[in-house]
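Using our numbering, you'd call the opening residue of the sequence shown number 922 and step up by one each time.
Data block below; observations after.
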Amino acid sequence: MSIISPGFGGRRRSSRPDLPPGQYLTPDFPVLSAGPTPRVPVDRWSFTVTDETGGQTSWSWAEFQALPQETFTADIHCVTKWSKVGTSWRGVSLDTLFEDIETTADFTMVHSYGGYTTNVPLEDLLDGKAWIAHTFDGEPLHPEHGGPARLVVPALYFWKSAKWVNGIELLQHDEPGFWEEAGYHMYGDPWREQRYQGD
Ligand SMILES: Nc1nc2c(c(=O)[nH]1)N[C@H]1C(S)=C(S)[C@@H](COP(=O)(O)O)O[C@H]1N2
Ligand SMILES: [Mo]
């Protein structure tokens, strides 16, 4: 029999100001993938922004690597309730990628190799809020975690951080992506516990 009650642990966890409601801390980095890990050689990798008129801007891996690179630290929150604080990444800010993109669209659909999609409002990708990351903890991002490159949007639940990202489509109207079609929340703010539709 344990003297330490689960309630005590619960109170201690919820007293952490960096943990959204209902989340617990893990030192691990769990892998959550809805399908097999696509293997994308960087010489065939590309990233494409498609605007609401169908106009496209693409970067090869070499072009992407030649853009200004940023190191950033983020707390990540999975809807299955694990959180990992202080994770260290390197990649390209979405502000850099969208510098020369003209658009009046307010919404985006993020697309990945393998077919995964997720919707994120454009304003949640800009102003220092999102990156396409290729490095985790100083090492090339492991394929299981989305290498060669993934989106990282720390302010939203981690399902919005599409692994193996290959494009962003600008949309005039919000549309559900893969998990949102299956009942996950359209926005996914961990601080408001927007896990599922209706939260
Ligand atoms: N392409 C793609 N991206 C994805 C997923 C996925 O299945 N496919 N899973 C999402 C979910 S639900 C989570 S919690 C995180 C998990 O990232 P990790 O496996 O690096 O921990 O990736 C998100 N991005
Ligand atoms: Mo998740």
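Backbone N, C-alpha and C define an ideal beta-carbon position, used for all residues, glycine too.
query: What I want to know is whether the C-beta of residue 1031 ends up closer than 6 Å to one or more non-hydrogen atoms of ligand 2.; result: no
query: Given residue 999, which residues of its chain have a CB within under 6 Å of its CB, disregarding the five upstream and five downstream residues?; result: 1079
query: If you drop the 5 nearest sequence neighbours on each side, which residues of the same chain put their C-beta closer than 6 Å to that of residue 1017?; result: 988 and 989
query: Let me confirm a value: residue 875 is counted as buried when at least 16 other C-beta atoms fall within 10 Å, else exposed. Which label applies?; result: Because residue 875 is not part of the residues shown, which for the chain are 922 to 1120, the question remains open.
query: Start and end of the beta strand (DSSP E) containing residue 996?; result: 991–998
query: Using C-beta distances below 8 Å, list every residue in its chain close to residue 996, excluding the 5 sequence neighbours before and after it, in chain order.; result: 939, 1004, 1005, 1006, 1007, 1008 and 1075
query: Which same chain residues, not among the five before or five after residue 1085, have their C-beta less than 7 Å away from its C-beta?; result: 959, 961, 1033, 1034, 1035, 1067 and 1071
query: Keeping to the same chain, check which residues put their C-beta closer than 8 Å to that of residue 1108; ignore five residues upstream and five downstream.; result: 1042, 1077 and 1115
query: Considering only residues of the same chain and omitting the five flanking positions on each side of residue 864, which have a CB-CB separation below 7 Å?; result: This structure gives no information on residue 864, because the portion of the chain shown stretches from 922 to 1120.
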